[in-house]
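Numbers in this note's numbering are just positions in the sequence shown, counted from 1, shifted up by 799. The beta carbon of each residue, even a glycine, is placed where N, CA and C say it ideally should be.
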Amino acid sequence: MIAVRAPYAWDRVLEYLSWRYTPGVEEIGEGVYRRRVGEEVVTVGYGTGGLCVSRPGEADRVGRMFDAGCDPAAVRRVLGMCTILRERVKKAPGLRIPGCWDGFELCVRVVLGQQVSVKAAHTLMGRLAARCGGVDAERVAEADLSGLGLTGGRVRSLRALAEAAAGGRLRLEGVDWAETAEGLAAIRGVGAWTIEYLAVRLGRDTDAFPATDLGLLRASGAGSAAELSRMAERWRPFRAYAAMYLWAVSP
800 MIAVRAPYAW DRVLEYLSWR YTPGVEEIGE GVYRRRVGEE VVTVGYGTGG LCVSRPGEAD
860 RVGRMFDAGC DPAAVRRVLG MCTILRERVK KAPGLRIPGC WDGFELCVRV VLGQQVSVKA
920 AHTLMGRLAA RCGGVDAERV AEADLSGLGL TGGRVRSLRA LAEAAAGGRL RLEGVDWAET
980 AEGLAAIRGV GAWTIEYLAV RLGRDTDAFP ATDLGLLRAS GAGSAAELSR MAERWRPFRA
1040 YAAMYLWAVS P
């Protein structure tokens, strides 16, 4: 059991992940997250007292992925004061920022999601996982990525990302986020939006905020990224949680 501070909007977190998991590797259903790890399947659920993990050795990873350290009361005190967020916070108290099990896997999913719908990106991720037998840097770097429905530019970006991660030039875990962001910026096809979004979910920066994100612009009613950035100043130091509320909860 991983202790968390109540409330915890577990169903909302799973709902957000339900179109962002890796088919064939991860599964979400009946209030449970499942992931294939080698020959085992790790399950994570939420019950009275915290997160229930079937494999205790993965508790640290699960805690990071499901934002166990969040203080929802502190988030509510800041975001609940804002008109545009107040009703969202009331509807989903304790919303967390879903992280990831594997950093490279999330990077691939985000690159696949550039300029396509969430549903299309989910489909592409499933095809890639099936082709490669999973989504790790070495397999993607060596795989034939033709016939998956990817543009030539997207294939080149994925290949460069995989080669950088496999070769150690891009470190996604265990280092300062600034180093990871610098490595990502050096990869052609990985732009500012991708890095800003990854700062939220991979970098676990509670104040990261991708102001150019179209979903955030629509949900906030801001007319431009500059206007949204100014609006978001009121949400510090929890701008990443504000982004999650705008993405995941309708008013």
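For residue j and residue i, the rounded distance between their alpha carbons
i: W818; j: V917; result: 7 angstroms
i: A964; j: T922; result: 23 angstroms
i: A936; j: S1028; result: 34 angstroms
i: E978; j: V841; result: 30 angstroms
i: Q914; j: L983; result: 18 angstroms
i: G848; j: R1035; result: 28 angstroms
i: D870; j: R887; result: 17 angstroms
i: Y1044; j: R958; result: 33 angstroms
i: R938; j: A991; result: 26 angstroms
i: M1033; j: K889; result: Residue 1033 is actually Arg in this sequence, not Met. Distance between the alpha carbons of R1033 and K889: 18 angstroms.
i: E836; j: E857; result: The amino acid occupying residue 836 in the given sequence is Val; Glu does not appear at that position. If you take the alpha carbons of V836 and E857, they lie about 10 angstroms apart.
i: E838; j: I883; result: 46 angstroms
Per-residue burial, residue i [other beta carbons within 10 Å of its own, 16 or more giving buried]
i: R968; result: exposed
i: A1042; result: buried
i: L1013; result: exposed
i: M880; result: exposed
i: M800; result: exposed
i: F1049; result: Note on identity: in this sequence residue 1049 is Ser, with Phe being the wrong assignment. With fewer than 16 Cβ atoms within 10 Å of its Cβ, S1049 is classed as exposed.
i: G1022; result: exposed
i: R895; result: buried
i: D866; result: buried
i: S945; result: exposed
i: D901; result: buried
i: G912; result: buried
i: G830; result: exposed
i: A805; result: exposed
i: P855; result: exposed
i: V907; result: buried
i: A1047; result: buried
i: G893; result: buried
i: R1017; result: exposed
Proximal residues to residue i (C-beta, below 7 angstroms), its chain only, five neighbours per side dropped
i: V1054; result: Residue 1054 lies beyond the range of the chain shown here (800 to 1050); nothing can be said about it.
i: D1004; result: W976, A998 and A1039
i: V861; result: I801, V843, L850 and V852
Same chain only: Cβ atoms within 6 angstroms of residue i, ignoring 5 sequence neighbours per side
i: Y1040; result: V874
i: S956; result: V910 and G988
i: R926; result: L947
Contacts around residue i, its chain only, beta-carbon distance under 8 angstroms, and the 5 residues preceding and following it disregarded
i: C899; result: M864, L905, R1000 and L1001
i: A802; result: G848, G849 and A867
i: D1006; result: R1035, P1036, F1037, R1038 and A1039
Anticipated Cβ contact below 8 angstroms, residue i with residue j, distance rounded
i: F1037; j: V843; result: 24 angstroms between Cβ atoms; not a contact.
i: T821; j: V954; result: About 18 angstroms; that fails the 8 angstroms criterion.
i: I986; j: L949; result: Their Cβ separation, rounded to whole angstroms, is 16 angstroms, which puts I986 and L949 out of contact at 8 angstroms.
i: I827; j: L850; result: So it is not a contact: roughly 14 angstroms between Cβ atoms.
i: A928; j: V824; result: 6 angstroms
i: A940; j: E962; result: 5 angstroms
i: A1031; j: A1010; result: 7 angstroms
i: A808; j: A891; result: 4 angstroms
i: L816; j: P897; result: 5 angstroms
| field | Unbroken stretches of the alpha helix (DSSP H), 4 residues or longer, contained in the stretch 889-929 | value | The stretch 889-929 contains these whole alpha helix (DSSP H) runs: 902-911.
| 3 or more residues per run - each beta strand (DSSP E) lying fully within the stretch 837-890 | Listed in chain order, the complete beta strand (DSSP E) runs (minimum 3 residues) inside the stretch 837-890 are 839-846 and 849-852.
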